[in-house]
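For reference, the structure is listed below as structure tokens.
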Amino acid sequence: MTGVDLTADLGRGVLLPNPVLTASGCAANGKELHRVRDIAELGAFVTKSVKREPQSGRGTPRMAETPSGMLNSIGLQGPGIDAFVTHDLPWLAAVGARAVVSIAGASSQEFAEVAQALVQAPDIAAVAAIEVNISCPNVANRGLVFACDPGSSSEVLRLVAAQVPESIPLFAKLSPDVTDIVSIAAAALEGGAHGLTMINTLLGMHIDIDARRPHLFGGTGGLSGPAIRPVAVRAIWQVHAAMLAGRIPRAPIIGVGGVRTGLDALELTLAGASAVQVGTAIFNDPSAPWRVAHELASWLQSHGVNRYRDLVGAAHES
Amino acid sequence: MTGVDLTADLGRGVLLPNPVLTASGCAANGKELHRVRDIAELGAFVTKSVKREPQSGRGTPRMAETPSGMLNSIGLQGPGIDAFVTHDLPWLAAVGARAVVSIAGASSQEFAEVAQALVQAPDIAAVAAIEVNISCPNVANRGLVFACDPGSSSEVLRLVAAQVPESIPLFAKLSPDVTDIVSIAAAALEGGAHGLTMINTLLGMHIDIDARRPHLFGGTGGLSGPAIRPVAVRAIWQVHAAMLAGRIPRAPIIGVGGVRTGLDALELTLAGASAVQVGTAIFNDPSAPWRVAHELASWLQSHGVNRYRDLVGAAHES
Amino acid sequence: MSEVPAPIAQVSATVLANRRVGAYHQITLDAAEIAVAARPGQFVALAVGGSTSSLLLRRSFSIHRTRPETDGSVEIVVADAGPGTHWITALAPQAQVDMLGPLGRGFPLPASPGAAVLIGGGYGSAPMLWLADVLRGNGIEVHHILGAATADRLFGVDLVAPEDGLIVTTDDGSQGQRGRVTDPLTELLHRTGAATIYACGPMPMLAAVTGVAQAHGATAYVAVEEAMACGIGVCMTCVLPVRGGDGITRMTRSCTDGPIFEGGSVRWEAIANGRVAVPSDALGAPAGTR
Amino acid sequence: MSEVPAPIAQVSATVLANRRVGAYHQITLDAAEIAVAARPGQFVALAVGGSTSSLLLRRSFSIHRTRPETDGSVEIVVADAGPGTHWITALAPQAQVDMLGPLGRGFPLPASPGAAVLIGGGYGSAPMLWLADVLRGNGIEVHHILGAATADRLFGVDLVAPEDGLIVTTDDGSQGQRGRVTDPLTELLHRTGAATIYACGPMPMLAAVTGVAQAHGATAYVAVEEAMACGIGVCMTCVLPVRGGDGITRMTRSCTDGPIFEGGSVRWEAIANGRVAVPSDALGAPAGTR
Ligand SMILES: Cc1cc2nc3c(=O)[nH]c(=O)nc-3n(C[C@H](O)[C@H](O)[C@H](O)COP(=O)(O)OP(=O)(O)OC[C@H]3O[C@@H](n4cnc5c(N)ncnc54)[C@H](O)[C@@H]3O)c2cc1C
Ligand SMILES: Cc1cc2nc3c(=O)[nH]c(=O)nc-3n(C[C@H](O)[C@H](O)[C@H](O)COP(=O)(O)OP(=O)(O)OC[C@H]3O[C@@H](n4cnc5c(N)ncnc54)[C@H](O)[C@@H]3O)c2cc1C
Ligand SMILES: Cc1cc2nc3c(=O)[nH]c(=O)nc-3n(C[C@H](O)[C@H](O)[C@H](O)COP(=O)(O)O)c2cc1C
Ligand SMILES: Cc1cc2nc3c(=O)[nH]c(=O)nc-3n(C[C@H](O)[C@H](O)[C@H](O)COP(=O)(O)O)c2cc1C
Ligand code: FES
Ligand code: FES
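Chains as they are written, first to last, in my numbering: chain Y, 1 to 318; chain D, 319 to 636; chain P, 637 to 926; chain S, 927 to 1216.
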């Protein structure tokens, strides 16, 4: 698109050529989606959350389709950070992708160790940002999700920040399953996050009526897809509003939740997102991230908006 | 349906002929839906939450369609409890409907006053239960929704219970927008609720892209419809599981959230609901409550289940 | 405006015909139950897509015509405005669509005999031709003003009965007079002595028509179009501030108490930019807005 | 089983034909890009409904046939099992459907020449007739066992080449022998000396076929059917515990690493009642399951 500046600003000098990213866990670690289209064209590629050790994940069924959405209960299946750094990151670097590496852990210490192993990777230059997926259970706190507790959220970010050089922004990925998301955002930023990714899935469940038992092997699962977009917009709005009001520090927000079209991406942007991830929509349409970027650019052009960045949070101005 | 016992047990001796109710705010106060079909055939009719004084509600737009759901921001428009008791309740009594009266307030004191006016109504015999809609903002607590705070939840129920005779069960209607719904359920029961209605809408938002402002006049709105059913099932499951585990007192749950078919109603039942409400689906199909009851009965019959009550929470047995 | 609520019919209507007319689709549906009961100014609400559609809310359309005596059909005129109307305008003959009706109250007859002016903006003219037939049958002299932004967005110009008066306006002058429907209205009221105006179209047009009517001592009955989730009075989304006979303004449902309102009773000043505020003197208005 | 991942084609395929065959719909789609690249055992994934469908996930179907040289068509055989397949089986000629393919790895050729037994359960026979052609073209002698619960759920009996062997089984005896596909298998392996079995059908059938093959020293290649959200390897929902060449069991994606697996590598004991557990010795299994 000539004449439209799609640059997305993730802060700390990290600029992306366009604001459309994949969502963690919805695009594996790149090779598969690269068969559909060049992932180096994306604003950035967000990897599946990686823990310290290899993870088998849960048994199946791991998913259930729900109205305009789905439930998943994968259990963070993955290779572990060492294999990630040896195999996946070099491949991402080789194809020229900007990687946002999502890290996870069952303890704040594990998060820190994963971050430490990551920043020592030879291909660390390919890492545009680190996304700290604090929407996973904290074994030390009766399995309560880190992102459900301000103290745990802050602690994870503090330990991770201690491992990561200033040049790599840290995004804390928040769960919507909380009474007050602004207080969690505040805690994550206070701990050392440079930005926030919102939202992770909502906790949901589907019952297999014939079998009279939970359908998912893991019982509950994460709800995602267009069904949850209104919740994502609200969460982004609330946190961005708190920033504008000076109640919490200003920081970039990466919006995620139910984005399927360029207009959806715009909606999250106007609510306060500086960039947008596409997740479940990929399962419906593997070219969705590229299509969303294209639709976004077309809209900007046809509406005479020269810079994507000018729209970030623009709905708060009315 | 011959041979199938559809009786639903709301506790305290209140038995309904079938387990399908309307959801508060999705069927007005009866007259309108009665033009579609006889509301006395329903398990019970749940009225729109009523406050002490007449309420204009909010400006418009009051709704936005979302994928497999909708957002609403009505603002509890209604006649006030005196007009309700004078006009609406007698009409419900006259057509033979079993009424579940939903009450609301901006302070716990207002809840109590509404309950007091209600129980003095000449037609109180038509009231099968009272639903205490604590999913509304508490002016005394910076507008924080009562149901987001265990203390406020407990207090409202305590003040209302003091006004209501033992024979009328009180159901506290919970919001899903909390970190730990079991703790709110516990507080409501501790305060004096005899049962729980779950779930109210999720807080959501839609941005009008062309106008670059929130689409709803009220800014945020409540998300409802099939999109949220997985969240309702999960909430019911968690609370019923806590009851089975003895962590909170046993009490009947009325399930609500995204029910569109008899199978959906069964899903909530298997998760732990003793009866089920149909809300947004009415807007799609005004005969939905009757159809759901019919589909439910057909399923029971074709699957050789003689008593609906035997299915309540049955998915926990596996 | 004092009908007793009749039962609402919910029918699985078969599409009998769907033909393009200018910018619109004129869709004929087999729905005898609705055709028999309906009156001009009432509307129908259609479900969109089947049980796997992500669009839950019904879409409302004025009834253009009914043929209760012949094929039991109901006809609507639809502009393809978004996903719901896109699905509806693509319906092929023989397709089934779930339809509720007749909904709302119809146009009232004029209080006094003589002439009436009927104003349709865009597809707002759809109900006006049927209304004209009914008025004429009651001995009323009918004068139409049909307006639209452009010629292709006019509807019904060729359907006006020869004995009726007709003025056509378009914003761009591509057909009829250039300008708004209100431009010729004052002169027409003078000329015909009409004391009653019927109008259907966008909200700003209805407000302007009401203004002219009031200046002229005429009564305007306007068919409003508020976003509706249910169409049957149960959701409370379609409200407008309307002053009642008792002088009190209430947030009033346009689906059950409307869609026809006496223009002078609508609090137009609360309506702007696609939003409707609650007037501070409305019954139960929040303290803050007073 | 060592193909280099080729690009995946995403095409808006036109339905060329949709005809009922027994309990199934045989659907022919115009998708030359996929037809050219596909091999027996691969599958396609279809999106269901358009942009307003509430069903987001793709539905996967084995490729029954391709005609790359004539009309560029791809054919699938679909049972109406739920809302997604209900929509697909109702597709009219000329309708468009978004299709991804070819997906997964195809059936490998036998390690040794001689005879092969091809087993199809229900619509599982759909890919077997094409596979038979390819095997025959490679000088392999083909023997089919086609089975189903009832006669109407058999597929392809009339499509078997005259030179191939054919045994038909139904659970209720309504066609062919009464019983399961595995009943005649042992005798057939003895009689033909086949060392390779190909099977496609329900999981319990695949487990049973693998058992017979192992007892007989034969190799079974089975096409598994796990619930898939994406079909292209990005969602991790379609996994099965599969023992690798290194002896280590991993939760392995059946969409990209399968759907064809060597039967002996699948940890069948972990699969029961529609659920698959993680074996405690699988790589990265949670400590609790050890
Ligand atoms: C009483 C009444 C009579 C109407 N008569 C006609 C008619 O004769 N011909 C015609 O073409 N249109 C008519 N409309 C408008 C028509 O209902 C809308 O164009 C249609 O609902 C838009 O749906 P959509 O999915 O195509 O568009 P979208 O804009 O995507 O709709 C999104 C949501 O907003 C609601 N909505 C959007 N615009 C309107 C609107 N103008 N009025 C009401 N709801 C809206 C929809 O119902 C839906 O819930 C009438 C509306 C009302 C209330
Ligand atoms: C590799 C592969 C090849 C297949 N080949 C064929 C074929 O040739 N012919 C045929 O009729 N069917 C085939 N199936 C099964 C077919 O994909 C399912 O019947 C279909 O997805 C069911 O969708 P539904 O909406 O009709 O049913 P529902 O049961 O309502 O589906 C609900 C959800 O579960 C998933 N699902 C349900 N059953 C299955 C299943 N058996 N396999 C995978 N996902 C499932 C659906 O994709 C959907 O996400 C194949 C499946 C796979 C994985
Ligand atoms: C199958 C699946 C796997 C996911 N895995 C992860 C993960 O590993 N880490 C993470 O932070 N989020 C994960 N998510 C959440 C998504 O990144 C995203 O936050 C969420 O799905 C909402 O966006 P969507 O509606 O666009 O999918 C996963 C989502 C899905 C559907
Ligand atoms: C338009 C609308 C108005 C509502 N008004 C109320 C209300 O007054 N009181 C209340 O407790 N819940 C109210 N609700 C919430 C519903 O009762 C129900 O809890 C929620 O919509 C989820 O159920 P559903 O998905 O079946 O609609 C309202 C919901 C809608 C859609
Ligand atoms: S549209 Fe629901 S009350 Fe009017
Ligand atoms: S179906 Fe998504 S990884 Fe296999």
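We treat Cβ as the ideally placed atom computed from N, Cα and C, and that holds for glycine.
Give the DSSP bridge partners of residue i, in chain order.
i: valine 1086(S); result: Its beta-bridge partners do not exist; DSSP assigns none.
i: arginine 353(D); result: Its beta-bridge partners do not exist; DSSP assigns none.
i: asparagine 133(Y); result: Lys173(Y)
i: proline 877(P); result: Met887(P)
i: glycine 222(Y); result: Asn72(Y) and Leu203(Y)
i: glycine 513(D); result: Phe489(D)
i: histidine 780(P); result: Leu754(P) and Leu802(P)
i: leucine 21(Y); result: Ala44(Y) and Gln277(Y)
Any heavy atom of ligand 2 closer than 7 Å to the beta-carbon of residue i?
i: alanine 1125(S); result: no
i: isoleucine 1045(S); result: no
i: glutamate 1151(S); result: yes
Report yes if the C-beta of residue i is less than 7 Å from at least one heavy atom of ligand 6; otherwise report no.
i: glycine 543(D); result: no
i: methionine 1154(S); result: yes
i: alanine 1160(S); result: Residue identity differs from the one stated: residue 1160(S) is valine in this sequence, not alanine. Result yes, Cβ under 7 Å from ligand 6.
i: threonine 1118(S); result: no
i: arginine 1241(S); result: Nothing about residue 1241(S) can be read from this structure; chain S reaches only from 927 to 1216.
Any heavy atom of ligand 5 closer than 7 Å to the CB of residue i?
i: methionine 735(P); result: no
Pop quiz: residue i and residue j are said to be a contact at Cβ under 8 Å. What is the actual Cβ separation, rounded to whole angstroms?
i: isoleucine 74(Y); j: glycine 59(Y); result: That pair is no contact at about 11 Å.
i: serine 698(P); j: alanine 671(P); result: Serine 698(P) to alanine 671(P), Cβ: 14 Å. No contact.
i: tyrosine 857(P); j: methionine 764(P); result: Actually they do not touch by this definition, with Cβ atoms about 11 Å apart.
i: valine 46(Y); j: glutamine 277(Y); result: 6 Å
i: alanine 345(D); j: asparagine 336(D); result: Actually they are not in contact, since the Cβ atoms of alanine 345(D) and asparagine 336(D) sit about 16 Å apart, beyond 8 Å.
i: cysteine 1181(S); j: leucine 1029(S); result: 6 Å
I want to check one thing, is the minimum distance from the CB of residue i to the heavy atoms of ligand 3 below 7 Å?
i: methionine 205(Y); result: no
i: leucine 189(Y); result: no
Using a threshold of 7 Å, is the CB atom of residue i nearer than that to any non-hydrogen atom of ligand 4?
i: methionine 388(D); result: yes
i: isoleucine 517(D); result: yes
i: threonine 384(D); result: no
i: lysine 48(Y); result: no
At a cut-off of 7 Å, is residue i close to ligand 1 when judged by its beta-carbon and the heavy atoms of the ligand?
i: glycine 718(P); result: yes
i: serine 696(P); result: yes
Please go through the stretch 478-510 of chain D and give each complete alpha helix (DSSP H) segment of 4 or more residues, from N-terminal end onward.
499-509
Contact between the stretch 518-534 of chain D and the stretch 558-568 of chain D is defined here as three or more beta-carbon pairs at a separation below 8 Å; is this criterion met?
no
Hey, which unbroken runs of the alpha helix (DSSP H) at 4 residues or more fall wholly within the stretch 837-865 of chain P?
839-851
Take every Cβ of the stretch 1144-1155 of chain S, pair it with every Cβ of the stretch 1071-1082 of chain S, and state whether three or more of those distances are shorter than 8 Å.
no
Contact between the stretch 464-476 of chain D and the stretch 506-514 of chain D is defined here as three or more beta-carbon pairs at a separation below 8 Å; is this criterion met?
yes
When the Cβ atoms of the stretch 649-667 of chain P are set against those of the stretch 826-845 of chain P, are three or more pairs found closer than 8 Å?
no
Contact between the stretch 981-994 of chain S and the stretch 276-293 of chain Y is defined here as three or more beta-carbon pairs at a separation below 8 Å; is this criterion met?
yes
Any chance you could list the alpha helix (DSSP H) runs of at least 4 consecutive residues sitting entirely within the stretch 705-749 of chain P, in chain order?
719-725
Contact between the stretch 260-270 of chain Y and the stretch 298-317 of chain Y (3+ Cβ pairs under 8 Å)
yes
Are the stretch 70-84 of chain Y and the stretch 92-100 of chain Y in contact at 8 Å, needing three or more beta carbon pairs?
no
3-residue-minimum beta strand (DSSP E) runs that sit fully inside the stretch 58-112 of chain Y, ordered along the chain:
63-66, 69-72 and 99-103
Using 8 Å as the cut-off, can you tell me whether the stretch 1131-1138 of chain S makes contact with the stretch 1155-1171 of chain S, which would need three or more C-beta pairs spanning the two stretches below that distance?
no
How about the stretch 164-179 of chain Y and the stretch 128-135 of chain Y: do they share at least three Cβ pairs that are nearer than 8 Å?
yes
Should the stretch 1169-1178 of chain S be regarded as contacting the stretch 22-40 of chain Y, the criterion being three or more beta carbon pairs within less than 8 Å?
no
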